[in-house]
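Student: What follows is a structure written as structure tokens; I'll ask about it next.
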Amino acid sequence: MTRHYSALSLLKEGLAGQKGWAKAWESPEPKPRYDMVIVGGGGHGLATAYYLAKQHGITDVAVVEKGWLGGGNTGRNTTVVRSNYFFPESVRLYDMALKLYEGLSRELNYNIMLSQRGMISLAHTPAEMEMAARVVNAMQINGTDAELFGPEDVKRVLPIYNFGPKARYPALGGVWQGRSGTARHDAVAWGYARAAARLGVHILQQCEVTDFLIEGGRCRGVVTASGAIRADKVGLAVAGHSSQMAAKAGFRLPVTSYALQACVSEPVKPILDTVVLSPGAGTYASQSDKGEMVVGGGLDRIPSYGQRGNLPVLETVLSGLVEMFPAFRQLNLMRQWAGIVDVVPDSSPILGESPLPGLFLNCGWGTGGFKSIPAGGVLLAHLMATGQHHDISRPFDLDRFTTGRLIDEAAGSGIAH
Amino acid sequence: MRDRAAFWPPAPAPGAALRGDGLIVRVLPAVPQLMVSGDLDAFCAAQTLSAPVGLLGQVDDTRYALRLARNRMLAVGLTADHAAAGWRDGIAITPMTGALAVLHIGGANAMELFVRATAIDPRAPGPSAALLFAGQIAALCRDPQGLRLHIDRGLTAFVLDWIAATGLAAYSE
Amino acid sequence: MTARRLPEGGEVDRSRPLSFTFDGRPVQGFHGDTLASALLASGERVLGRSFKYRRPRGIWGAGTEEPNVYADATDGPRFHPNLRVTLEPARDGLDLRSANSSPSARADRLGFLDLFARFLPSAFYYKTFFWPNWHVYEPAIRRMAGLGRIKPSSAPLPDGDQRNHHCDTVVVGAGPVGIAAALGLSRSGESVVLVDDGSRIGGSLLFRSARIDGMPGANWLAAAEADLRQLGVTVLTRTTAFGIYDHGLIALNQRRDDGPDRLWRVRPRRIVLAAGAVERPLPFAANDLPGVMSAEAALGYLRRQAVLPGLRIVVATNNSSTDEVAAAMTAAGAEVTVVDARQGRRVARALGRRMVTGVVLEDGTRIPCDCVLVSGGFTATVHLHAQAKGRLRWDDARLSFVPEAPVAGLVTVGAAAGHFALAEALAALPETLGLPDVPVADSAPYDITPLWPRPGQPGRVWIDLQHDVTAKDVELAARENMVSVEHLKRYTTLGMATDQGKTSNLAGMALMGALTGRSIPEVGTTTYRPPFAPVPYTSLAGPRGGSRMNPVRRLACEARHREIGASLGDYGGWLRPAHYGSDDSAILAEAKLARAAVGLFDASPLGKIEVIGPDAAAFLDFIHYNTVSTLKPGQCRYGFILAESGVVYDDGVLVRLDDHRFVVSCSSAHVAGVHGLLEEWRQDRFPAARIAIHDATAETATLTVSGPKARATLAAAGIDADLSDTAFPHMTTRWHGSGEAALRLTRVSFTGDRSYEVSVRQDLAPPLWDRLAAAARAEGGGPIGIEALMILRAEKGFIVIGKDTDGMTRPMDLGVSGPMKAKKVDFLGRRSLFTDEAQRADRNQLVGLLPADGFGPLPVGAHGIDLSGTTPRSIGYITSSHPGAALDHPVALGLIERGAERHGQEITLHHLGQRRRATLCPPCFLDPKGERLHA
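Chains E, X and A, in that order, are what the protein sequence lines are. Heads up, the numbering used here is the position in the first sequence plus 1, with the first residue counted as 1. Heads up, the numbering used here is the position in the second sequence plus 61, with the first residue counted as 1. Heads up, the numbering used here is the position in the third sequence plus 572, with the first residue counted as 1.
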């Protein structure tokens, strides 16, 4: 059985007709009881299970996923990773994730194809340049890499940007984070799943949680289509379905779910080497390693669980893209889809014990869920294992909506919050 | 790079028209208009105005009203002194003569422009005369010579430019 | 070299030859050819290279399902990457380069990669490239990926055209069934749009023999075309219906010869999906060799473009559709051998290196050939039904997924519904569509036996041609427990290429089912997503670029500003003078002029939302932080509107015009937001009959006159109102004159100097501007732009919302805590002002800053830092910074922790890696007593 991935094992299996590869994960029958259950088999849920096992030695864990693992937002996002946020709490959170991403391929023995080719958030007016300076300084003070780009810098990283006199959004500069980039989304989910499974975690796919087991005012497990599963603690990492699950657990969350669209073009040879965001044009884009242009924009503003958006948003996003890059008029749209993003009034996530004791929340990432997966996993695992917040997750507790200490990143991310 | 005077095309001179095959678009000289909220029936009776029409409703070209919402309409052909506007016997009135330009779209191909500018079904237009025209909020009705488009005056230059970009009409003096 | 053009027959017009080049070699064709048919006729087999292993590939199909052959096309100055050669009409003068090959498809220098294929199975890249890291390998992998190439230097492609359309019915697919449906529905009075992606309507009638209503299919088609014209059915050819969206919107992309593509957004009452079915390949080793083609496509090339695909043809099949193909090829002069799985004969592998030279059957028989025409059956084209959330069921007799039941507004007919025999398809129409009368066809029933890839099948059996996925890759996925259909797709990339799995998905599902003990329906399908076929970005982007994108609003006096050389900028969605003259140095000069004499400023975009009615005062007391109901008619008051979170949402001057009429003036960039806020809260808590909210921002232009000579300027401009301070105190408003040219004069100051806003009906503003400008000049002043205004207000510490406030700034942070303590009535945001967070002592507060290090003005965006801990900590930032106009030193504003209690203290600033020093001070630098207001 070849379990370990390496060039050598590829060589060996190449000679053996690929016959010896071990399963990436098993498909075990659910046990009636685990120490911990995590609802949601996306990136955050799987990462939580991994870190519970790896960092806390808690291996009697089940991840319960209603569909196939990684099939929700983790499989639908535009793969951008970055930590160019404004508030120190946010920078600590997202930079924790980015630093974990930096070592993740080796740690998981799974190539997540982390490509740190930088991200430029463009500024098109003097006022936007002032904001960009404010953000760059915040990032520098908070210990992450940032640079304020001027027009020549933009030209260097985006030679095909529209610098002509007829450009609607001239590039005056912007916020550059060199460590930003992309990672292969499926690989992140599969990498965490495989690593967690190797440590003993059970991943239960096609197993929908229909209710919570509540006894004596505590969450004691979950009810699934194939029966009840008891647990000491339950974690909830279901992104766009958080409100629905919260309703089953008897509390409300300040979450509204919207469709967030994304699309890919037909693949072409490399032409865009960095991630680019234009708040003015309402569009962001990068080019995948397969050559497709991966493009996104703002939310479809009608709340929905439909996992699909409509034509006006797509048209707006693509018109913004070809305005920024006239050469992209040569491209064809190959496929479009949407995820369900759970948006919170201050555009920051919710981490912490829920109003139902024993049930722990990891949600509200909105459009920022993919870039934060490793941190979401570490922090939810810490919460569940110790019962306490990690320093980095404390500010994001649900109680901030009572104290008023919101972390309003609407300006920080520029688009879609 | 900061001077955008060259990027935004100057607004066309008053009286300029766009002409094309079966299409003439002109900006009318200032049309008296009032925004009216409240008991619309009472207002129309007091002013001997016909009932407000919805999208693509048929009006004569001097005095008419466009229904905008359940209790709001745009009265056209009437005006009020700014100083005297406001609350009058249960009705709220605000002059809109300056705020809204009126474009006249005439010619056999007027509806060809309509289907480019809006996704609304002209066969089932709806009770409000408001619509998104070329992506901007506007109100639209029919008169004996064509269509009348009421739109924010500051966007007149854009709308004319947009119409020219469809290729259906071009500037002429 | 054994495909050839026959001397007669087909639709091609031999009197109109043309030629183009492919990989540098000339190719001859005729009008009526597609690029594919001309390439085939030229005898060239190797026309492409596969994505991963760079295997030689030839043409497989005749339509949108083509997986193999793409070309980058140069057409004069224009350039199109990734053209699908099967759909493009042949054109004179095109220069085609095979995509993803270098230097040519014939002689690709990366062709050797195939030798290492065993080490490069699906998903191999997840299992290696760990050391040192992915960045080392990524550039090479990126260069090998991608099909065609974008050429930034070529002429920009024109905007796509877009239109909206409404009708009763859209029929997707103009084969015989679609045409019959369109005719029937049109005859019953419906307005019908008939759509087909071919260059002619007719579908299978263009190349298959048929008998409909007793006549040959071609004759029936000709009569039908005439009927469609006569009935006024809108027929769109070269048009792909690519997506269904909410509420029955169907999107079409129309190719046009005389212009760019056109996007149609159509909302019919009903969609009839008659999109036909796509032929599948058969699974055998080396089934990707050039010369292995779809039998249906080959029949099309033969009958339509008179191209015989080979001289010694093997027809490998599992169904009855190939009977006609074999007969036609024979009649055209080829030697044809049929290998029919229904008789237990199956191809095990194809022979040949760069093109097929023969096949070996499972029973060992060897058959030399130069062409293999395959049919593995047909897959109903159900995509639009599935996009519309329709469910599918597996038809075990026909071996295809078909729609289970119609969805609201969409019904499927013909082969797309699994009726692969024409007679049956037409016979189903009356019931499905409620048509009284339909054509009647004679046709043979459809008969098929399953022939799917088998676990353990020897050799390289290709499943997804474009992404180089073999049966062994599917086995690998199963072995690693990637058994759900979506994991299979993402792990192997099967179905993720530009053909979106049209010829490959089902075989992959079938094999995965066999490997895991599941039936095909148990494995299920992946989600069908738009677009059905790739759509040009230009179609979707439409004519929205340049000055037509997010247009700015224009000032009534714009022509005047341009005439005097204004440098214009986009401020809050309006095009406004930043300053006059081309040099930035004008900004400070204008500010100084306004301080010394008078400045004239176009303030028209300032929001003016009228709130009218007997409950207006009570309503506005709820909306505003301050109390406003105590204003008398003619009075104004500056205040804030908070959001529910207690954060300052907007500021502005509230004007009371009379007992029942107020004007909320708000930042020009915020008008829509404030209007929305007012409406929302009115609807939430106040009766509609007693409050109306009208946005009157655009009704008037507002020209502001500010400075010591302001009064004199108004008088000189002929405004003969009583401007004495007793008659016209600061923060009051009055009317002047009557009729359409009436003015409203408001004495309010954003500069700290004596200042008057003159408002007039917008379209009458230019003559007023002229008078005021002449008067201002006469008084030693002149026009000033926004940038100068920013300096003047900064000297006074007047904030700009969104610049000097951020998403956390609460009124106390701006030094205004009176209403929080004393206001009697409830107001928007009140509760949030009493949270722990809002009451924190160490909040960021508005403060003034002066440079303390002699290095000139402080940079906006610089942060104050506290260096007392182990790591630096931000204590706020600089939000505005300007040179002084009345003052001889620069001024700055910022939000700094405990700023209000730290006046006089020095702080360290961080700006882009550098350090600065600044002294904190009160935010008002000039005339704190406000004496200049009355100067």
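We treat Cβ as the ideally placed atom computed from N, Cα and C, and that holds for glycine.
Aspartate 274 (chain E): which of E:Glu66, E:His383, E:Gly179 sits nearest, CA to CA?
Tutor: Here residue 274 (chain E) refers to the residue found at position 273 of the first sequence. Of E:Glu66, E:His383, E:Gly179, the residue nearest in Cα terms is E:Gly179.
Student: Could you give the uninterrupted runs of the alpha helix (DSSP H) lying entirely in the stretch 72 to 113 of chain E, keeping only those of 4 residues or more?
Tutor: 89 to 109
Student: For glutamate 1478 (chain A), which residues in the same chain have their Cβ closer than 8 Å to its Cβ, ignoring the five residues on either side in sequence?
Tutor: Residue mapping note: residue 1478 (chain A) aligns to position 906 of the third sequence, counting from 1. The residues are Ala1424, Arg1489, Ala1490, Thr1491, Leu1492.
Student: Indicate the three-state DSSP secondary structure (helix, strand or coil) for serine 1237 (chain A) in the structure shown.
Tutor: Within the third sequence, numbered from 1, the residue matching residue 1237 (chain A) stands at position 665. Note: serine 1237 (chain A) maps to coil in three-state DSSP.
Student: In angstroms with no decimal places, state the Cα-to-Cα distance between asparagine 516 (chain A) and alanine 671 (chain A).
Tutor: Because chain A here runs from 573 to 1507, residue 516 (chain A) falls outside it and cannot be looked at.
Student: Mind checking glycine 413 (chain E): buried by the 16 CB within 10 Å criterion, or exposed?
Tutor: Within the first sequence, the letter at position 412 stands for residue 413 (chain E). At glycine 413 (chain E), the pLDDT of 38 sits below 50, so the modelled position is not reliable; the number obtained from the coordinates is stated separately. So glycine 413 (chain E) counts as buried.
Student: For isoleucine 416 (chain E), does the three-state DSSP call read helix, strand or coil?
Tutor: Position 415 of the first sequence, counted from the first residue, corresponds to residue 416 (chain E). Caution is warranted here: a pLDDT of 35 is assigned to isoleucine 416 (chain E), below 50, making its placement in the model unreliable, and no coordinate value can be reported.
Student: Please list, in chain order, the residues of the stretch 154 to 170 of chain E that have any C-beta partner in chain X closer than 9 Å.
Tutor: Here the close residues are Pro166, Lys167, Ala168, Arg169.
Student: Using a Cβ-Cβ cut-off of 8 Å (strictly less than) and excluding sequence neighbours within five positions of phenylalanine 623 (chain A), which residues of its own chain qualify?
Tutor: Along the third sequence, read from residue 1 onward, the residue named residue 623 (chain A) stands at position 51. The answer, listed in chain order, is Asn672, Ala717, Leu719, Gln1038, His1039, Asp1040, Ala1069.
Student: In angstroms, rounded to a whole number, what distance separates the CA positions of methionine 325 (chain E) and arginine 118 (chain E)?
Tutor: Here residue 325 (chain E) refers to the residue found at position 324 of the first sequence. Here residue 118 (chain E) refers to the residue found at position 117 of the first sequence. Taking the Cα positions, methionine 325 (chain E) is about 19 Å away from arginine 118 (chain E).
Student: Counting pairs of Cβ atoms below 8 Å between the stretch 64 to 82 of chain E and the stretch 388 to 395 of chain E, do you hit three or more?
Tutor: In this structure the stretch 64 to 82 of chain E does not touch the stretch 388 to 395 of chain E; the number of beta carbon pairs closer than 8 Å is below three.
Student: Since proline 1391 (chain A) contacts tyrosine 1221 (chain A) with CB under 8 Å, what's their CB separation in whole angstroms?
Tutor: The sequence position of residue 1391 (chain A) within the third sequence is 819, counting from 1. The sequence position of residue 1221 (chain A) within the third sequence is 649, counting from 1. About 15 Å separates the two Cβ atoms, so there is no contact after all.
Student: I'd like the list of long-range same chain contacts for valine 97 (chain X), defined as Cβ closer than 8 Å, with 5 residues on each side in sequence excluded.
Tutor: Mapped onto the second sequence, residue 97 (chain X) falls at position 36. For valine 97 (chain X), where only same-chain residues beyond five positions count, the Cβ hits under 8 Å are Phe104, Ala126, Arg133, Met134, Leu135, Ala136, Ile152, Ala153, Ile154.
Student: Indicate the three-state DSSP secondary structure (helix, strand or coil) for glutamate 1094 (chain A) in the structure shown.
Tutor: Position 522 of the third sequence, counted from the first residue, corresponds to residue 1094 (chain A). Here glutamate 1094 (chain A) sits in helix by DSSP.
Student: Closer than 8 Å, Cβ to any Cβ of chain E: which residues of the stretch 62 to 87 of chain X, in chain order?
Tutor: Met62, Arg63, Ala67, Phe68
Student: Which of helix, strand or coil does DSSP assign to methionine 62 (chain X)?
Tutor: Position 1 of the second sequence holds residue 62 (chain X). Since pLDDT at methionine 62 (chain X) reaches only 48, below the 50 mark, its modelled position is unreliable, and the value read off the structure follows with that caveat. If DSSP states are grouped into helix, strand and coil, methionine 62 (chain X) belongs with coil.
Student: I need the DSSP call for serine 758 (chain A), collapsed to helix, strand or coil.
Tutor: Sequence index remark: in the third sequence, residue 758 (chain A) carries index 186 (1-based). If DSSP states are grouped into helix, strand and coil, serine 758 (chain A) belongs with the helices.
Student: May I ask you to report which of helix, strand or coil DSSP gives tyrosine 873 (chain A)?
Tutor: Sequence index remark: in the third sequence, residue 873 (chain A) carries index 301 (1-based). In the structure shown, tyrosine 873 (chain A) adopts helical secondary structure according to DSSP, grouped into three states.
Student: State buried or exposed for glutamine 207 (chain E), treating a residue as buried only when at least 16 other CB atoms are found within 10 Å of its CB.
Tutor: Counting from 1 along the first sequence, the entry for residue 207 (chain E) is found at position 206. Exposed, since its Cβ has fewer than 16 Cβ neighbours within 10 Å.
Student: So what does DSSP say about asparagine 640 (chain A), is it helix, strand or coil?
Tutor: Reading the third sequence from its first residue, position 68 is the one you call residue 640 (chain A). The answer is coil: DSSP assigns asparagine 640 (chain A) none of H, G, I, E or B.
Student: Against valine 1124 (chain A), what residues of chain X qualify as contacts under a CB-to-CB distance less than 7 Å, listed in chain order?
Tutor: As a working note, residue 1124 (chain A) is residue 552 in the third sequence. Going along chain X in sequence order, the residues near valine 1124 (chain A) (Cβ under 7 Å) are Trp69.
Student: CA-CA distance, phenylalanine 1212 (chain A) and lysine 1393 (chain A)?
Tutor: The residue given as residue 1212 (chain A) occupies position 640 in the third sequence. The residue given as residue 1393 (chain A) occupies position 821 in the third sequence. Distance between the alpha carbons of phenylalanine 1212 (chain A) and lysine 1393 (chain A): 15 Å.
Student: According to DSSP, is tryptophan 1307 (chain A) helix, strand or coil?
Tutor: Position 735 of the third sequence, counting from 1, holds the residue named residue 1307 (chain A). Note: tryptophan 1307 (chain A) maps to strand in three-state DSSP.
Student: Does the distance from the CB of valine 40 (chain E) to the CB of valine 65 (chain E) come in under 8 Å?
Tutor: On the first sequence, residue 40 (chain E) is found 39 positions in, with the first residue counted as 1. On the first sequence, residue 65 (chain E) is found 64 positions in, with the first residue counted as 1. Against a cut-off of 8 Å, the Cβ pair of valine 65 (chain E) and valine 40 (chain E) comes out as a contact.
Student: Going by beta carbon distance, what residues of the same chain come within less than 7 Å of arginine 1365 (chain A), once the five residues before and after it are set aside?
Tutor: For the purposes of this step, residue 1365 (chain A) is identified with residue 793 of the third sequence, where counting begins at 1. Closer than 7 Å at the Cβ level, and outside the excluded window around arginine 1365 (chain A), lie Phe1322, Thr1323.
Student: Could you work out which residue in A:Ala1105, A:Ser1119, A:Gln1072 is closest to threonine 1097 (chain A) when comparing CA atoms only?
Tutor: In the third sequence, residue 1097 (chain A) corresponds to position 525, counting from 1. The option with the nearest alpha carbon to threonine 1097 (chain A) is A:Gln1072.
Student: At what residues does the alpha helix (DSSP H) containing asparagine 138 (chain E) begin and finish?
Tutor: If you number the first sequence from 1, residue 138 (chain E) lands on position 137. That run of the alpha helix (DSSP H) goes 127 to 142.
Student: Using a Cβ cut-off of 7 Å, which residues of the stretch 215 to 226 of chain X contact any Cβ in chain A, in chain order?
Tutor: Gly215, Leu216, Ala218, Phe219, Asp222, Trp223, Ala226
Student: If you reduce the DSSP assignment to three classes, tell me which class serine 348 (chain E) lands in.
Tutor: Locating residue 348 (chain E) in the first sequence gives position 347, where the first residue counts as 1. Serine 348 (chain E) sits in coil when the DSSP states are folded into three classes, being neither helix nor strand.
Student: Among the candidates A:Ser1056, A:Tyr1152, A:Phe702, A:Leu1147, whose CA atom is the shortest distance from the CA of glycine 1137 (chain A)?
Tutor: The count along the third sequence starts at 1 and reaches residue 1137 (chain A) at position 565. Checked all of A:Ser1056, A:Tyr1152, A:Phe702, A:Leu1147; the closest Cα to glycine 1137 (chain A) is A:Tyr1152.
Student: Just to confirm the assignment, what range does the beta strand (DSSP E) spanning threonine 902 (chain A) have?
Tutor: Along the third sequence, read from residue 1 onward, the residue named residue 902 (chain A) stands at position 330. Not the beta strand (DSSP E): threonine 902 (chain A) falls in the alpha helix (DSSP H), residues 894 to 903.
Student: Bridge partners of glutamine 337 (chain E), per DSSP?
Tutor: Position 336 of the first sequence holds residue 337 (chain E). BP columns for glutamine 337 (chain E) point to E:Cys264.
Student: Which residue marks the beginning of the alpha helix (DSSP H) containing glutamate 1312 (chain A), and which one marks its end?
Tutor: Looking up residue 1312 (chain A) in the third sequence gives position 740. Neither: glutamate 1312 (chain A) is in no alpha helix (DSSP H) and is coded neither H nor E.
Student: Using a 10 Å radius around the Cβ and a threshold of 16 neighbouring Cβ atoms, would you call tryptophan 223 (chain X) buried or exposed?
Tutor: Your numbering for residue 223 (chain X) matches position 162 in the second sequence. The residue in question, tryptophan 223 (chain X), is buried, as its Cβ has 16 or more Cβ neighbours within 10 Å.
Student: Determine, using beta carbons only, whether proline 280 (chain E) comes closer than 8 Å to chain X.
Tutor: Position 279 of the first sequence, counted from the start, is the residue given in the question as residue 280 (chain E). It does not: the Cβ of proline 280 (chain E) has no partner Cβ on chain X nearer than 8 Å.
Student: Considering only residues of the same chain and omitting the five flanking positions on each side of arginine 828 (chain A), which have a CB-CB separation below 7 Å?
Tutor: Walking along the third sequence from the start, residue 828 (chain A) turns up at place 256. The residues are Arg834.
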